[in-house]
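Take the sequence shown: its letter number 98 is residue 98 in full-length UniProt numbering, and every next letter is one higher. Where a beta carbon is used, it is the ideal one built from N, C-alpha and C, also for glycine. Note that the coordinates shown come from a computational prediction; the quantities given were computed from them, not determined experimentally. Reading through the structure tokens given below for one structure.
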Amino acid sequence: MLKTTINLEPGKKVYFASDQHFGAPDPKESKIREEHFIRWMDEIKHDAQVLFLMGDLFDFWHEWKHVIPKGYVRVLGKIAELKDRGIHIYFFVGNHDLWMKDYLEEEIGCTVFYTKQYFEMGGKQFLLAHGDGLGPGDKGYKRMKKVFTNPIAQWFFRWLHPDIAMKIALYMSQKNKMISGDEDKEFLGEDKEFLIIYSKEKLKTQKIDYFIYGHRHLPMVMELQGKAKYVNLGDWISYFTYGIFEHDFQLKTFEMNKKRITP
């Protein structure tokens, strides 16, 4: 099991955020949410050592050889600013931006992950993942993901004109149940929440202190056996929640009415 160890500096913190789905439901409304997220990044940049972006930053993302989707300039610029300040940024590809390639790595310097990862921070063991496709059930989505990640399917999509490809992709993306959030406002119970089931199975063979996921949209922190904690980070559509770790983990809500912090 490969593991990354991060030694936290005094006074520094680790931040987590997921499921911004920028671009949805349309550019105008997305820009309002983008502004909130930019303000949050302004707020954390003074004490952040690490920022984990846990997937679905974009409602759809695809990289052609010389083209990326239009928009998101201020969001990407703010992420680049944080990286230039020495903050380590780890990006987990979600089910809406799974066609991420090397743009964020080459242009900003982010580390991009396509699968779950293990970290040790502050003496605690973390399993981090966007969360899609983990655990039992959801066989339809798992079959769909195999198609979307198939190199042949990606090759054919890449040869569509970007204007046509984006129109098709954005329509399909916004029809995805995960953007509506309706099914994510209800806790299904420990025996039906697939990420909780997955985490419990992992605890049978591994010592994990924190399981941190996106994807599910419903913010929650639940204690599992052995004092391990299951965390879903929520989203920046309905909840505007984020995680913070220093000595222990906290799930917080961004206060959007706060005055903007100056540089």
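Report the rounded CA-to-CA distance for Met41 versus Val112, giving the unit in angstroms. 19 Å
Coil, strand or helix - Leu195 by DSSP: Assignment of Leu195 by DSSP, reduced to helix, strand and coil, places it in the helix class.
With a threshold of 16 other CB atoms inside 10 Å of the CB of Gln20, please say whether the residue is buried or exposed. buried
With distances taken Cα to Cα, identify the nearest neighbour of Phe119 among Ile212, Ala80, Leu104. Nearest option by C-alpha distance: Ile212.
Got a sec, what are the start and stop residues for the beta strand (DSSP E) Glu120 sits in? 117–121
Can you list the alpha helix (DSSP H) stretches of 4 or more residues lying completely in the region 62–120, in chain order? 73–84, 103–107
Across which residues does DSSP place Tyr210 in a beta bridge pair? Phe126, Lys229
What number of angstroms, rounded off, separates the C-alpha of Leu134 from the C-alpha of Lys202? 11 Å
Just checking my contact of Tyr15 with Ile38 at CB under 8 Å: how many whole Å lie between their CB atoms? Not quite, the Cβ-Cβ distance comes to about 14 Å (not below 8 Å), so this is no contact.
Using CA atoms only, rank isn't needed, just tell me which of Ser199, Leu218, Gly122, Ala129 is closest to Phe249. Gly122
Under DSSP, the alpha helix (DSSP H) around Glu35 begins and ends at which residues? Where Glu35 is concerned, the enclosing alpha helix (DSSP H) stretches over 27–44.
Taking C-beta to C-beta, are Gly55 and Asp132 nearer than 9 Å? yes
C-alpha gap between Ile208 and Leu160, whole angstroms: 44 Å
With H, G and I counted as helix, E and B as strand and the rest as coil, what does DSSP make of Glu186? Secondary structure at Glu186: coil, using DSSP grouped into helix, strand and coil.
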